[in-house]
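Undergrad:
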Amino acid sequence: MELVTTETVPGREVQESLGIARGNTVKARNVGRDITQSIRNITGGELKAYSELLTDARDEAMSRMVADAESMGADAVVNVRLESSEIANGGSEVIAYGTAVRLD
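The opening position of the sequence shown corresponds to residue 0 in numbering that gives the first Met the number 0, with each subsequent residue numbered one higher.
#1: Nearest CA to the CA of Asn88: which residue from Gly10, Ala27, Val13?
#2: My assumption, with CB atoms under 8 Å, is that Ala99 sits in contact with Ala68. Please give the rounded CB distance.
#3: Is it buried or exposed, Gly22, if we count other Cβ atoms within 10 angstroms and call 16 or more buried?
#4: Let's test the definition: count the other Cβ atoms within 10 Å of the Cβ of Ala74 and tell me whether it reaches 16, buried, or not, exposed.
#5: Kindly identify the DSSP beta-bridge partner or partners of Glu45.
#6: Check for me: the beta strand (DSSP E) holding Asn23 runs from which residue to which?
#7: Let me confirm a value: Met61 is counted as buried when at least 16 other C-beta atoms fall within 10 Å, else exposed. Which label applies?
#8: Per DSSP, what kind of secondary structure is Ala73 in: helix, strand or coil?
Structure (structure tokens):
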């Protein structure tokens with residue numbers, strides 16, 4: 000499965016647009032991480048536990064988007080985008096979406 004942030008896949012021609020492929024996940028922080036990350040926030044530096052949490056969430060959302068595209072019979076997803084938003088206190092949604100297409 001080709002994934003690109005552009006409208007086309009270099010060297011390939013889009014034969015058919017199949018619709019929007021999407022995948023999302025909602026992840027919550029945990030209390031133990033909040034305590035250690037609060038201390039790090041005071042002293043400065045990267046909040047690694049949160050970075051890892053968001054990396055995992057992005058990977059999961061992308062994987063679900065690919066599965067959605069494959070269920071449509073797509074060869075690629077073009078115009079891939081990622082967004083995140085706060086859902087509830089301590090919870091964040093990450094969504095990946097793009098246009099599922101068949102290539103030549």
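In this text, a Cβ means the ideal position worked out from N, Cα and C, and glycines have one as well.
TA: The relevant details are as follows:
#1: Closest by alpha carbon: Ala27.
#2: Contact flag correct, Cβ pair sits at about 4 Å.
#3: In summary, Gly22 is buried, with 16 or more beta-carbon neighbours lying within 10 Å of its beta-carbon over all protein chains present.
#4: Reading the sequence as shown, one finds Asp at residue 74 and not Ala. Answer is buried; the Cβ neighbour count reaches 16.
#5: Looking at the DSSP output, Glu45 bridges to nothing.
#6: Taken as a continuous stretch (DSSP letters only), the beta strand (DSSP E) holding Asn23 covers 13 to 27.
#7: Only buried fits Met61, as 16 or more other CB atoms lie within 10 angstroms of its CB.
#8: Coil at Ala73, not helix or strand.
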